[in-house]
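Residue numbers (numbering that gives the first Met the number 0): 0 to 309. Ideal placement from N, C-alpha and C gives every residue a C-beta, glycine not left out. As the structure is a computational prediction, the values presented were derived from the model and not from experiment. Reading through the C-alpha cells given below for one structure.
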Amino acid sequence: METKKSASPSIITIATQKGGVGKTSLTVNLAEGFASLDKKVLVLDLDYQGDASDWFGAADAIEDSRRSTTWGLVKGKKIPDLRVSTNIPNVDVIGSDLSLNYAIQKYNGQQEQFNVVKRILECKEKDEYDIILIDTHPSLDPLLTSALNYSHYYLVPMFPEKHPFKGLEYLMRIVASVKSTQNPMLFFLGVVITKYKKKSKSHNDYLEVIKEHTRDSGIELIEPFIRDTDAMASAAGAQTPIGRYFSDLPVKSKDNADSDYKKLAENLLTHLKGRRMGRPQKVLDPARIKVMNEKARGDEFADSFGSFCF
Ligand SMILES: Nc1ncnc2c1ncn2[C@@H]1O[C@H](COP(=O)(O)OP(=O)(O)OP(=O)(O)O)[C@@H](O)[C@H]1O
Ligand SMILES: [Mg+2]
C-alpha cells in the first residue's frame, strides 16, 4: 500500500527499568497498530535479548550480527545496511543479539556507547519512516542513554502490581541527565498500563493508585489500558503481532489486546501531532517519584494478591 509520508519520523523510545512489564510487546504490537493506520514504521531493537527481532521473525536474518545494531556500533553501518523487512507490510526492523552486549562493553567510557542510536539512525533513509520505535533492555545502560539522546519521545509501560513506579523512578534519573545535556526537548508521552486484568481486585486497586499519582504529577495516563490476554504468548510464539495473529484465525476475537493496541496507536498519533511542536517539558523529579513509589508500595493490597477473580 502506498503510504503518505510526513517530513521526518517521530522517534519514540519504549523504556522502564522494570523487567517483563511489556516493553517489547508494546513495541511490536504498536508497530503493527501504526502500520495498520498507513504509517511506515522502523523498529530498532536495542535490547540484546533480541525479543523484538524474534517476534518479527527476523532473528535468522541477523546473520553473524552483520545486519544488527552491533554492526552499527562497531562498523558505523546505518539503516540501509541493517534493516530487515518483516512479515508486516510497512514495518522494518533493525535487530539485536547478544553480541551487542559484548560490543558495548568494548567501548566502556567512550562516547560511542552513548551514540549508538545516532550512529545507526542518522542518515537520509530515516526519513522514509513516519515512526521509529526503539525497544530497550530494562537495565540503566549506555544503550538506553543513546536511545534517549536521539529520541523525540519516550513512553513507559507500567504493570498494575507492587511497586508500579519503581521502573519510572530509575528511568527519570537518566532522563534528567539526558535532558540537561544532550536532548533538552525529550518529551514524556506518558504511561501505558499493560497486562491489565479487568476482573482482578488487586489490579484495580493498583490502577486507582497509579491514576491518583499520575494525575497529581501531571503524567499522562494513555488509554486504553492493554488487557491481559492468553493469546499474547501464542502470537509471540507464532512470530506475529497480535493484530495479525487474530486476522489469520477463522474467528476474530473482539475482546482482546489486539483492539487495545490499535486504539492505543490511534491515540498516540493524536498525541504526537499535538506535542511535537510543543514547548520543552519540565523533567519529573526522581525524588518525587520515589515518594510516589513508597506510597504506592501496595502493602494494603497484598492480601488481595492471592485472590484474583477472573
Ligand atoms: N497484554 C498481555 N497479555 C498477556 N501477556 C502479556 C501481555 N503483554 C505482555 N505479555 C507477556 O508478558 C511477558 C513479558 O512481556 P515483554 O517481553 O513484552 O516484557 P518486557 O518488558 O519487554 O521484558 P524485558 O524486560 O525482559 O525486556 C511475555 O511473556 C509476554 O507474552
Ligand atoms: Mg523486552
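For Thr213, I'd like the list of residues in its chain whose CB is within less than 7 Å of its CB, leaving aside the five on either flank, ordered along the chain.
-> Excluding sequence neighbours, Thr213 sits near Val190, Leu220.
So the alpha helix (DSSP H) Pro79 belongs to, where does it begin and stop?
-> Judged by DSSP secondary structure, Pro79 falls within the alpha helix (DSSP H) whose first and last residues are 78–81.
In chain order, what residues of the same chain have a beta carbon less than 6 Å from the beta carbon of Glu168, not counting five sequence neighbours either side?
-> Take Glu168, set aside five residues on each side of it, and the residues of its chain with a beta-carbon closer than 6 Å to its own are Pro285, Ile288, Lys289, Asn292, in chain order.
So, are the CB atoms of Thr68 and Leu29 less than 8 Å apart?
-> Taking the C-beta atoms as reference points, Leu29 is found no nearer than 8 Å to Thr68.
So Ile173 and Thr135 are in contact, right, with Cβ under 8 Å, and what is the actual spacing, rounded?
-> Between Ile173 and Thr135 the beta-carbon gap is near 11 Å, outside 8 Å, which marks them as no contact.
Ligand 2 heavy atoms versus the CB of Lys22: any closer than 7 Å?
-> At least one heavy atom of ligand 2 lies closer than 7 Å to the C-beta of Lys22.
State yes or no: is the C-beta of Gln48 nearer than 7 Å to some heavy atom of ligand 1?
-> Gln48 Cβ: within cutoff of ligand 1.
With distances taken Cα to Cα, identify the nearest neighbour of Glu62 among Pro88, Ser95, Asp44.
-> From the listed residues Pro88, Ser95, Asp44, the smallest Cα separation to Glu62 is found for Ser95.
Do the CB positions of Leu43 and Ile133 come within less than 8 Å of each other?
-> Ile133 is positioned such that its CB atom lies closer than 8 Å to that of Leu43.
What distance in whole Å lies between the Cβ atoms of Gly71 and Val115, which are believed to be in contact at a cut-off of 8 Å?
-> The Cβ separation is near 7 Å, so the contact holds.
Could you spell out where the beta strand (DSSP E) holding Gly189 opens and where it closes?
-> Taken as a continuous stretch (DSSP letters only), the beta strand (DSSP E) holding Gly189 covers 186–192.
Determine, using beta carbons only, whether Glu160 and Tyr205 come nearer to each other than 8 Å.
-> Yes, the pair counts as a contact, with Cβ atoms nearer than the cut-off.
CA-to-CA distance, Asp129 to Pro8, given in whole angstroms = One C-alpha to the other measures close to 4 Å.
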